[in-house]
Amino acid sequence: MSIDEGENVPGVMSRRERLRIETTREIKAIALRQMAAGGPGAISLRGIAREMGMTARAIYSYFPTRDDLITALISGIATSLAEAVETASNAVPDTDPGGRLLAWGQALREWALAHPESFRLFYGHPIPGYQPPEDGPVDQTARRVCRELTRLVAAAWPHARHHQPEDTSWSDLHPDYVAKIQDDLPDVPPAAAALALRVWGRMHGLVALEIDGHIHPVAGNPAALHRAEMLDLVRSLGLDY
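Following the working numbering, the numbering of the sequence shown begins with 28 at its first residue and continues without gaps.
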């Protein structure tokens with residue numbers, strides 16, 4: 028057995044391992060193309076196998092079910108998004124909470140424009156027949172995105188609290204959301220947690236409209252419109268920008 032194949036060499040992948048990674052990547056890419064052409068319900072393991080010249084049995088060794096493939100897709104997508112927005116916001120000093128929120132929102136838009144089908148798969152309509160594993164990789168990574176945005180809003184809360192209603196109680200929020208916030212960020216008050224949801228709604232809503240083609244017919248410069256909305260959002264939190 029040759030060293031070129033990487034067999035039994037610490038830290039070096041074998042040819043079989045490299046081939047498996049490349050094949051997995053190709054399966055995911057074709058699944059996204061299927062979704063782009065026919066929506067999430069069009070994802071088909073047998074269709075992917077035909078396109079790749081594989082047998083159904085062979086492709087099932089990579090993903091035993093369509094749900095396994097969709098879970099892997101969404102998990103990878105969510106991780107990519109989480110890393111993009113965290114990298115952008117972390118590049119701004121902690122002393123600039125408004126700048127960190129602006130960077131987060133800008134990174135969300137840029138990522139969505141670069142990966143429109145991934146954005147639709149993660150945030151679009153439920154996929155017919157798909158049942159994600161409870162507290163699986165999809166839920167965990169989505170929780171990561173939620174936690175980091177809530178953390179940014181919490182950092183701005185000392186300024187924002189004077190511009191927001193503070194009569195919010197935990198009972199106004201969904202118990203599952205409350206449990207996650209209290210577990211991840213126990214010092215965040217309910218009004219700040221509710222504000223994080225509103226911030227997310229404004230950030231996500233405008234991007235979703237653009238990805239679905241509703242902004243271009245009415246806005247000559249979608250980037251400028253998004254920037255204006257993000258600035259207005261930050262200023263509504265009592266931050267100077």
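No residue lacks a Cβ here, since even glycine has one placed at the ideal position from N, Cα and C.
Point to revise | Buried versus exposed call for leucine 176 [16 or more other C-beta atoms within 10 Å across all chains shown] | key: Counting from one through the sequence shown, the residue named residue 176 turns up at place 149. Buried, since its Cβ has 16 or more Cβ neighbours within 10 Å.
**Study point:** Same chain, Cβ closer than 6 Å to leucine 72, neighbours up to 5 away in sequence not counted
**Key:** Here residue 72 refers to the residue found at position 45 of the sequence shown. Within the same chain, and ignoring the five residues on either side of leucine 72 in sequence, the residues whose Cβ sits closer than 6 Å to its Cβ are Ile86, Arg93.
Practice item. Whole angstroms is fine: what's the gap from arginine 52's alpha carbon to leucine 46's? Key: Along the sequence shown, one-based indexing puts residue 52 at 25. Along the sequence shown, one-based indexing puts residue 46 at 19. Approximately 10 Å, taken between the alpha carbons.
Exercise for review: Output the distance between the C-alpha atoms of histidine 253 and leucine 233, rounded to the nearest integer angstrom.
Suggested key: Numbered from its first residue, the sequence shown carries residue 253 at position 226. Numbered from its first residue, the sequence shown carries residue 233 at position 206. Cα to Cα, histidine 253 sits roughly 7 Å from leucine 233.
Check your understanding: What is the C-beta distance between isoleucine 70 and glutamine 61, in whole angstroms, given that I count them as a contact (C-beta under 8 Å)?
Key -> Taking the sequence shown and counting its residues from 1, one reaches residue 70 at position 43. Taking the sequence shown and counting its residues from 1, one reaches residue 61 at position 34. Contact flag correct, Cβ pair sits at about 5 Å.
Practice item. Consult DSSP for valine 180 and reduce its assignment to one of helix, strand or coil. Key: Taking the sequence shown and counting its residues from 1, one reaches residue 180 at position 153. The answer is helix: DSSP assigns valine 180 an H, G or I state.
Practice item. Express the C-alpha separation of leucine 128 and arginine 147 in angstroms, rounding to a whole number. Key: The residue you call residue 147 lines up with position 120 of the sequence shown. The residue you call residue 128 lines up with position 101 of the sequence shown. Distance between the alpha carbons of arginine 147 and leucine 128: 23 Å.
Point to revise | Ordered list of alpha helix (DSSP H) runs contained in the region 106–172, each at least 4 residues | key: If only complete runs of 4 or more residues are kept, the region 106–172 shows the alpha helix (DSSP H) at 124–141, 143–150, in order along the chain.
Practice item. Compare the Cα-Cα distances from alanine 130 to each of Val112, His152, Glu144, Thr122 and report the closest residue. Key: To locate residue 130, count along the sequence shown from 1; it is residue 103. Ranking Val112, His152, Glu144, Thr122 by CA distance to the CA of alanine 130 puts Val112 first.
Check your understanding: Could you check where the alpha helix (DSSP H) with isoleucine 48 kicks off and where it finishes?
Key -> In the sequence shown, residue 48 corresponds to position 21, counting from 1. In this chain, the alpha helix (DSSP H) harbouring isoleucine 48 covers 42–65.
Practice item. Report all residues from its chain with a CB closer than 6 Å to the CB of alanine 134; omit the five preceding and five following residues, and keep chain order. Key: Position 107 of the sequence shown, counting from 1, holds the residue named residue 134. Hits under 6 Å: Ala111, Val112, Ala115.
Review point. From alanine 223 to leucine 179, what does the alpha carbon distance come to, in whole angstroms?
Key: Counted from its first residue, the sequence shown places residue 223 at position 196. Counted from its first residue, the sequence shown places residue 179 at position 152. Between alanine 223 and leucine 179, the alpha-carbon positions lie close to 9 Å from each other.
Point to revise | Straight-line gap, isoleucine 57 to serine 102 (C-alpha atoms, nearest Å) | key: Within the sequence shown, residue 57 is the residue found at index 30, counting from 1. Within the sequence shown, residue 102 is the residue found at index 75, counting from 1. Answer to the nearest angstrom: the Cα atoms are 16 Å apart.
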